Structure formats: C-alpha cells, structure tokens
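Asker: Attaching a single structure in structure tokens format; questions to follow.
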Amino acid sequence: LKRFNGVWQYANKITGFDISARHMEMVNDNEILISHEYKGVYHVTLSADADQVENVRVLNVKRGRHASLIKFNDEVYYMSPDGFFAFDKQLKDFLPLSISSAMFANDFYLSGKMILDERNRIWTFFEKNIVLLEKNIFDSSFSIQKIPVHNDYRKTNLGFENISEQNSNTYLLGTMNGFLNIKLNNYEVPQAKLFLSRATSSSLDLAEADLSLTGNIDLSSEMNNIQFEFFVPYYSELNSIQYQWFLEGYHTDWIPWNDSSMVAFKNLDFGDYTFYVRAQSGQQPLGDIVSYPFSIDFPWYLSYWAVSFYVGTLVFISFLINNYYTRYYRRQQMKYVEETKKELALKELSNTKALVEAKNEQLNQRIENKNRELAISTMSMIKKNTLLGSIKDELLNLKNISEVKNVVRNIDKSINNDDDWNYFEEAFNNADKDFLKKIKEIHPKLTPNDLRLCAYLRLNLSSKEIASLLNISSKSVEIKRYRLRKRMNLEHKTNLISYILSV
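My numbering puts the first residue of the sequence shown at 68, with every later residue one more than the last.
This is the structure in structure tokens:
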C-alpha cells in the first residue's frame, strides 16, 4: 500500500513470500520480522524498491502458540512460552531478556499478546496476573508490576486480548463476556496477617497428635512426620494469595511460590528445625513471616547408652579381631619357623647324604685301589711261584741231583714263604674287611690253610692259579676244596665259590 493525497492505495504485491501470518514488525525499510505460531519467526529481507523478497531466514527462537511481536522505541520484542526476547540488529536474531524470569516466576504463560499503551508501557497476560512492563529512562532494562487478576476472572480470548486507557488509572479490558473496568489504584495490598492454623505430628503407624501453635516443642524420634496448615483471612476474586515456606535444617532455600496452604514433611531426621512461611498477593507481601521452631529427639538406637554400647561392642570386636589375627600370624610364624626348620633339616640331610656319598665314593675308591693292590700282589705271587716252580722242575731234571738239592730247598722255602702270605693277608683284609674273621666265626673248624684257600676262592682264582700260590698240584687243590666243603658241612648242591662270595 502507498499513500496518495492522504489516501492509502494498492501499490503492488511483494513477491517471494506467501506465508500468511498475524504478527509483523519492520526492523527497518528493508527488513521485516514475521511471526507464525506454528512455523516460527521469519527474517525477511526486501529489495531496495520493496517489490520482492531477496532473502528469507527462519530464526533460532522457538515458535509458540499465541506468540507475538511488538515494536517499541525502535526495538522489536518477541514473547513466547520460552520467554521475553529482544531482536539484536547486529546478530540478526532474538536474544532472551533477564526480565523473563521475573515475568514467568510463579505464573503460567497463556498468551504472548503484547499491548503498548499511551504511556509506553507493555501489557502482557499470564494465568494469575496481568504483567505490566515499563522501560527505565536511563538504561534498556524494564521494571515490572504484576496486577493480580486471574484469567478465570478476566476470561479473555487468548491471543486477542485488548486493553485501552480511559484515564490515568483506569483501563478497559475486553473479555468474552463484555468489558472489565480495571482501576490500578484499587489493587492495594490488603491489610491482612498470615496465621498458622494447625500443626500436627504423626508416626509410621499414622498415630497423629496436634501440636501447640507456639512452637518450641520436642518431638520423639517416632513422631517425625509433621504437617503445617496456614492461611490469610482475606478473600478476593482479583487478588490471589500465594505462599512460600522454608524449613531451616532441611531446605537450603525458600521453595517457589504456590497456592497451597498446607505442607507436610515426612521422616525427618533428629535435630533442631525452624519452619518459616510467608504470603503475598501479586508482588506484595502479606503480613510478617511466621516461624515455628521445634526439635526431634535422638532415636533410641542413637542415644548415649546405645552409642556407648556400640563403642564398647566395636572395641570388643576389634579386640577379638586383633586377638584372632595375632594368633593367626603367630601360627603362621610358627608354621614358617617349622617349615624353615624342615627345609634346613632337609638341606642338612641332603648335605649329609652328599657327604656320605662322597665318603662312600672315596671309600670305594680306596677299596678299588686295595683290590688293585691285592690283584697285583696276587698276580706277582703267582708269577713268582710259577717261575720258581718252573726253575725247580728244570733243576730236578738235571742228572746230578745232589748238586741242586740246596737250590730246590731254597726255592721251596721261597714259594712257601710266610711273609708273602702275611703281605697278601693284610692286602686282602684291607680290600675285603673282616671276611676271614667272619668265615672263621661261622666255621670254627677251618684251619689256616683252609682260610688261605677261602681267600683265594673269594678272589675267584682258578685251581691252577691256587696251585701255583700253594706250591701244590691242581689235583691237590681239588682235594683241598673237597675237604673244605666237608669242614663247612655244605650240601652237595651248594656251589662252594658262590657260598664263599655270599659271606
């Protein structure tokens, strides 16, 4: 539309944007903000001649039912269920304002409709209050005034609210049933006080008892469920009353304002408490804060006697545990000592065994050496006697016997030399200790010659070798072996050499 000669006339349609919406505000000659409660808020950029749309962008601010736009002091504002926003011309987007928390506090969003009156105040409409915003002169912040007129009383058409000023303090609000005449100076704070009407305590079995309203009472640990009822003796269809309370010792801050005039605390711990409650109508306090101090006693299981019993029991159990572990570690220590002793004994036994084995090995070596000496001695005697016997036989074959008798006599003397036997006996005893003594004890009837034959048989010498040592014939050796069996009383089936070796 364009104005010609004071008359608005159709000029042209702006092409490029066909979405129908109720709320639109101009940021400048080429930027438009359009709010659609189901599709969101659009930022539309126009061409220089405003004939067509050059750019369309959906802003980040959330869409909302009955949300709306308003332009005030060259600033565009947006209100939705998420809060009150202002358009930032640099960021090209809406930013939330801090006043939102105060506007929405203890109230519920119904409509984003905003109305600018002749005094540059913005009217907004919530469930419990009409919220009036007035911009401060020295900065861009807002001051807030809440007019406690509930929507149930207003009965306005949401999203289509309309209000007009009649005079400085009187405003006419359109409703679905007609008009509501609002006089701001009539909304004064009632001179009413807040009273505590009832205080009760109960136990888990629901046994209930009324408490004195003056407070300063001591409750048993079983009666730790407490309920308070309070009221303001004032009623108005316009001025709703809200309550806020705080239980010192239980809460850390006041709870949000609400319409309930009763509060109950369940299963409170022992300790000291003070209940505080206050009331307001709109933003104005009603009367003074009411306080109610009380305390809950220790339960029996936390009494001094019970705690003393617990401490004593704990000390006793600690003593038992300490005693148990002391005995346990003592047993472990004794077990360790015993195991160490066993290990040392085993090591000592092992060392002793090794020492015995070493000594046995040394002894076996000595025996082996003695056996070697005995074998050498025996073979020397055999060779010597064999040589002497051979010489003797040759001499006996000579014709002149008388000339060699002395030589033969000396040879016989050398063959039957006791010194050779004594040397052999000593070597034999060193190699086979106590054999001759043992065989003598078993067979006392054995003669020295029998013992000598036993020694030679013990060495497993042949009859020929024994004959050379004894300077007799092999046949004589067999006779001696026969006689030896007789003296030993051996059975016929018993082998003589096997028997001698077994002794």
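The beta-carbon is built from N, C-alpha and C at its ideal position, and this holds for glycine as well.
Remember, it's a predicted structure, so these values are computed and weren't measured experimentally.
1. Under a three-way DSSP split, which group does Glu92 fall into?
2. Quick check: the stretch 259 to 268 against the stretch 289 to 299, are there 3 or more CB pairs under 8 Å?
3. Just grab the DSSP bridge partners of Lys451 for me.
4. To the nearest angstrom, how far is it from the Cα of Trp324 to the Cα of Asn173?
5. So, is Leu430 buried or exposed, given that buried needs 16 or more other C-beta atoms within 10 angstroms?
6. Buried or exposed for His90, please, with buried defined as at least 16 other CB atoms from any protein chain shown within 10 angstroms of its CB.
7. With a cut-off of 8 Å, do at least 3 Cβ pairs link the stretch 363 to 383 to the stretch 329 to 337?
8. In whole angstroms, what separates the C-alpha of Ser571 from that of Ile509?
9. Can you confirm whether the stretch 279 to 291 touches the stretch 314 to 329 when touching is taken to mean that 3 or more C-beta pairs between the two stretches lie within less than 8 Å?
10. Excluding sequence positions up to five away, which residues of its chain have a Cβ less than 8 Å from the Cβ of Lys156?
11. DSSP three-state label for Lys250, please.
12. Quick check on the burial criterion: 16 or more other C-beta atoms within 10 angstroms. Buried or exposed for Ser102?
13. Go through its chain and collect everything with a Cβ distance to Asn244's Cβ below 7 Å, but skip five positions before and after it.
14. If contacts are defined as beta-carbon pairs under 8 Å, then Arg554 and Lys512 qualify, I think. What distance do you get, rounded to the angstrom?
15. Which of the three DSSP states, helix, strand or coil, is assigned to Val374?
16. Report the rounded CA-to-CA distance for Ser307 versus Val125, giving the unit in angstroms.
17. Looking only at its own chain, which residues have a Cβ that is under 6 Å from the Cβ of Ile293, when we skip the five neighbours before and after it?
18. So, is Gly73 buried or exposed, given that buried needs 16 or more other C-beta atoms within 10 angstroms?
19. So what does DSSP say about Gln432, is it helix, strand or coil?
20. Taking C-alpha atoms, which residue in Phe161, Val111 and Gln119 lies nearest to Lys129?
21. Could you name the residues of the same chain whose beta carbon sits closer than 7 Å to that of Gly226, not counting the 5 residues immediately before and after it, in chain order?
22. At 3 residues or longer, what runs of the beta strand (DSSP E) sit wholly inside the stretch 306 to 378?
23. Which value, in whole angstroms, describes the spacing of the CA atoms of Ile189 and Asp118?
24. Does the Cβ of Pro576 have 16 or more other Cβ atoms within 10 Å, making it buried, or fewer, making it exposed?
25. According to DSSP, is Asp285 helix, strand or coil?
26. Measure the CB-CB distance between Phe192 and Glu232 and report whether it falls below 9 Å.
27. Do Val108 and Glu98 have their C-beta atoms closer together than 9 Å?
28. Label Tyr176 either buried or exposed according to how many other C-beta atoms from any shown protein chain fall within 10 Å of its C-beta, with 16 as the threshold for buried.
29. According to DSSP, simplified to helix, strand and coil, what is Thr393?
30. Whose C-alpha, out of Ser147, Ile388 and Asp184, is nearest the C-alpha of Glu201?
31. Measuring alpha carbon to alpha carbon, tell me which of Met170, Ile182 and Asn187 ends up nearest Lys213.
32. Where DSSP assigns a beta bridge to Ile567, which residues make up the other side?
33. Assuming Ile137 contacts Phe151 (C-beta within less than 8 Å), just tell me the rounded distance between them.
34. Among Leu411, Asp355, Thr242 and Ile539, which one has its Cα closest to the Cα of Lys459?
Answerer: Put simply:
1. strand
2. yes
3. Bridge partners of Lys451: none, in fact.
4. 6 Å
5. exposed
6. buried
7. yes
8. Nothing can be reported for residue 571: it is not among the residues displayed for the chain, which extend from 68 to 570.
9. no
10. Val94
11. strand
12. buried
13. Lys222
14. 5 Å
15. helix
16. 40 Å
17. Ser268 and Phe332
18. exposed
19. helix
20. Phe161
21. His133, Ser178 and Lys180
22. 308 to 315, 329 to 332, 338 to 348 and 351 to 363
23. 33 Å
24. Shown here, the chain extends from 68 to 570; a query on residue 576 therefore has no answer.
25. strand
26. no
27. no
28. buried
29. helix
30. Asp184
31. Met170
32. Ile567 is not bridged to any residue.
33. Ile137 to Phe151, Cβ: 11 Å. No contact.
34. Ile539
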